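All you need for the working numbering is the position in the sequence shown, starting with 1, plus 16. Every residue, glycine too, gets a C-beta built ideally from N, C-alpha and C. Keep in mind the model is a prediction, meaning the values are calculated, not measured. I have placed the structure first, in the form of structure tokens, so that the comments after it can refer back to it.
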Amino acid sequence: MPLLQLSLPQNATSGGDPQTQLELWLQEHLSLVGPASQLHLPQFKIGTLESLVQLSEELHKTDGQLDGALAKVADIIGVLHEGSPAQQAFSKKINDRSEVDYVRDFRWNSNKYKTEGVPLTELSNNITGEALSLDQDVRTLFQNYQNAKSTLASVDRKQSGNLSIKSLHDVVAADDFVLDSEHLQTVLVAVPNSQSKEFVGSYESLTKMVVPRSAHVISKDDEYTLFGVTLFKKFVPEFIHKCREAKYTVRDFEYSPQRVQEERQEQQQASQQERQLWGEVVRLARTAYADLFKAIVHLRVIRIFVESVLRYGLPPNFLTATFEPTNLKKAKDALVEKFGYLGGNAFAKDKAGKIKSDQGLGEFGGLADQDYEPFVIYELKLY
């Protein structure tokens with residue numbers, strides 16, 4: 017269930033301290049998970065009305081971008097810690113706290129995002145730029161990890177497959193080959209077990225100059241028998257062709273201690289690379305999730321401030337609250353019933369229940385679409 021973040025004008029409640037009255041009303045009339053808490057808005061440099069309208073439109077787009085980025089990082093964390101909900105939850109901590117606790121106790125990070133004298137558009141662009149750059153870093157590193165994982169899987173298949181496909185560096189030995197001969201070469205042939213007798217009876221006649229009785233079994237598994245056959249090098253291409261016609265699998269393997277060592281190292285290197293990148297992307301994804309979430313919350317605070325100024329005017333003294341409803345629709349319906357009057361004509365509905373556009377909004381009419389609410393309220397998704 018997402019968190020809701022609400023902003024109202026100062027006169028929206030009555031009977032005591034307005035902020036306290038709002039929080040009490042929310043807790044009494046809505047079914048909440050935990051208490052409602054004030055969302056603290058810093059003193060921003062407001063700028064012109066035109067700049068606020070433009071920033072409002074930009075923040076609408078940015079919200080979707082960063083939410084998509086956060087969702088992607090959450091998916092990456094899910095892949096990295098598949099089957100471990102506890103580890104996934106740990107990787108989504110924000111400053112060693114849950115997302116909900118971070119938002120409930122939110123305070124603007126003035127050390128990182130200075131507000132004094134900084135135009136809201138510049139502040140928003142700085143936060144967005146950092147967040148999108150981090151998103152790209154995570155995606156790039158995760159793709160590198162996926163590539164390494166695929167490489168390792170390919171190498172592992174060579175280790176675990178049958179004798180027609182698996183790597184042979186741990187199967188063959190130097191004694192299985194005629195080495196350092198100017199004219200002779202040993203060819204490896206993987207033959208289906210059901211055809212082994214046929215192969216033994218026919219291999220000498222597949223081509224000329226096959227060394228008689230040279231076929232010897234090197235290894236056998238449930239599907240194939242690996243034979244070594246020695247013949248003159250000149251006739252190796254024809255021998256390979258005849259084997260393939262007979263549905264035997266000729267393994268492209270010439271023995272050398274260096275090649276055996278290289279194939280052993282290939283598996284080790286692929287495994288090490290995969291584990292190294294896994295560790296790197298785990299660390300970056302954990303950091304990125306926290307930093308992206310914090311960026312989203314800071315931008316959301318800017319958006320709430322901007323929309324509140326556009327809706328309610330100056331001075332920028334607003335009632336704000338963050339809360340987690342147990343039922344989103346019921347909570348919004350109750351809020352509309354209580355505070356719907358704030359929308360005026362802009363919150364009239366047609367017969368289908370959709371919001372009618374208020375012609376009286378003038379240049380702000382474009383901001384009121386089907387998602388229009390009579391007050392400033394946003395959902396903050398949690399992953």
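Cβ distance (whole Å) where residue i is taken to contact residue j below 8 Å
i: I93; j: S72; result: Incorrect: roughly 32 Å between the Cβ atoms, too far for contact.
i: V297; j: L96; result: 7 Å
i: A231; j: F243; result: 5 Å
i: N343; j: S47; result: 6 Å
i: V205; j: V245; result: 6 Å
i: I320; j: Y394; result: 7 Å
i: V352; j: S23; result: Not really, about 15 Å apart at Cβ, beyond 8 Å.
i: L40; j: F339; result: 12 Å between Cβ atoms; not a contact.
i: A164; j: L293; result: 5 Å
i: L55; j: A337; result: 6 Å
i: L86; j: L308; result: 5 Å
i: Y271; j: V154; result: Not confirmed; about 44 Å, so no contact.
i: S221; j: T241; result: Not really, about 19 Å apart at Cβ, beyond 8 Å.
Residue environment, residue i, which counts as buried when at least 16 other CB atoms sit within 10 Å
i: K182; result: buried
i: R120; result: buried
i: H314; result: buried
i: K128; result: exposed
i: E290; result: buried
i: L150; result: buried
i: L330; result: exposed
i: D192; result: buried
i: T1; result: Residue 1 is absent from the structure shown; the chain starts at 17 and stops at 399.
i: Y219; result: buried
i: H185; result: buried
i: R280; result: exposed
i: V203; result: buried
i: E98; result: exposed
i: P228; result: exposed
i: S197; result: exposed
i: G378; result: Caution is warranted here: a pLDDT of 47 is assigned to G378, below 50, making its placement in the model unreliable, and the coordinate value is therefore given only provisionally. By the 10 Å Cβ count, G378 comes out exposed.
i: A147; result: buried
i: E132; result: exposed
Residue i in three-state terms, based on DSSP
i: I312; result: helix
i: L184; result: coil
i: V392; result: strand
i: T131; result: coil
i: Q143; result: As written in the sequence, residue 143 is Ile, which differs from the Gln given in the question. Residue state, collapsed to three classes: helix.
i: L179; result: coil
i: P228; result: coil
i: Q54; result: coil
i: L398; result: coil
i: P208; result: strand
i: K258; result: helix
i: G94; result: helix
i: I62; result: coil
i: P25; result: strand
i: R123; result: coil
i: T338; result: strand
i: E198; result: coil
C-beta neighbour in chain D for residue i, strict 8 Å
i: A350; result: Given the protein chain composition of this structure (a single chain), no chain D is represented.
Alpha carbon of residue i to alpha carbon of residue j, nearest angstrom
i: K88; j: V194; result: 56 Å
i: K77; j: T156; result: 23 Å
i: S335; j: Q26; result: Sequence inspection shows Leu at residue 335; the Ser mentioned does not correspond to that position. Whole-angstrom Cα-Cα distance: 6 Å.
i: N209; j: Q175; result: 20 Å
i: V49; j: T144; result: 30 Å
i: Q375; j: G359; result: Note on Q375: pLDDT 48, under 50, position unreliable in the model; the coordinate value appears next. Between Q375 and G359, the C-alpha separation is close to 13 Å.
i: D79; j: Y305; result: 15 Å
i: D268; j: V207; result: 14 Å
i: A311; j: V69; result: 21 Å
i: P18; j: L396; result: 5 Å
i: N178; j: M225; result: 30 Å
i: A347; j: S170; result: 52 Å
i: Y388; j: R327; result: 12 Å
i: L276; j: Q81; result: Strictly speaking, residue 276 in this sequence is Val, with Leu absent from that position. C-alpha separation (whole angstroms): 50 Å.
i: S287; j: G295; result: 12 Å
i: S235; j: S180; result: 11 Å
i: D33; j: P51; result: 17 Å
i: H257; j: L200; result: 18 Å
i: K61; j: F158; result: 39 Å
Distance cut-off 7 Å: residue i Cβ against heavy atoms of the ligand FAD
i: K224; result: With respect to the ligand FAD, the structure offers nothing, as it holds no ligand at all.
Cutoff 6 Å; reference residue i; Cβ partners in own chain excluding five residues on either side
i: R302; result: S107
i: F215; result: V207
i: Y264; result: V205, V207
i: S324; result: S23, F334, V392
i: P332; result: V325
i: P390; result: G356, L358, G359, F363
i: S53; result: R120, T338
i: Q124; result: The question names Gln, but residue 124 in the sequence shown is Trp. The answer, listed in chain order, is P58.
Same chain, Cβ closer than 7 Å to residue i, neighbours up to 5 away in sequence not counted
i: T29; result: Q37, L38, W41, L335
i: Q104; result: I93, G94, H97
Cβ shell of residue i (< 8 Å), same chain only, five flanking positions each side left out
i: D83; result: I312, K397
i: A350; result: H45, L46
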